[in-house]
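Beneath this line is the structure, given in structure tokens, with notes to follow.
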Amino acid sequence: MERFNGLTFQKIQHAITSVDCQPMFDGGILINVIGQLKTDDDPPHTFSQTFVLKRSPEGAFFCQHDIFRLGIHNTM
1 MERFNGLTFQ KIQHAITSVD CQPMFDGGIL INVIGQLKTD DDPPHTFSQT
51 FVLKRSPEGA FFCQHDIFRL GIHNTM
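Taking UniProt numbering, I'd label the letters of the sequence shown as residues 1 to 76.
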């Protein structure tokens, strides 16, 4: 958390462009999200996030796996 708290962003915006969901054989749900992330006055960057939701014995869902990728590319 120290690393995240040390970031100097003043303004963060995000826009989700697509969400795809797929049921899993064990009752979980695989979810893939694609969108754009913009910080301060920087140009927006594409991101993707894939995660798995599983059902607890009590019936609530929890996030079992989570992968986040920010598409930062070198520009000339």
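Glycine included, every Cβ here is placed at the ideal spot set by N, Cα and C.
Predicted model only: the values in this text are computed from it and were never measured.
DSSP places Ser-56 in no beta strand (DSSP E); its state is neither H nor E.
With a contact defined as Cβ atoms closer than 8 Å, Ile-16 and Val-33 qualify at about 6 Å. Sequence-distant partners of Gln-22 (beyond 5 residues in either direction) whose C-beta falls short of 6 Å from its own C-beta, in its chain, are Leu-30. For Lys-38, the enclosing beta strand (DSSP E) stretches over residues 29-39.
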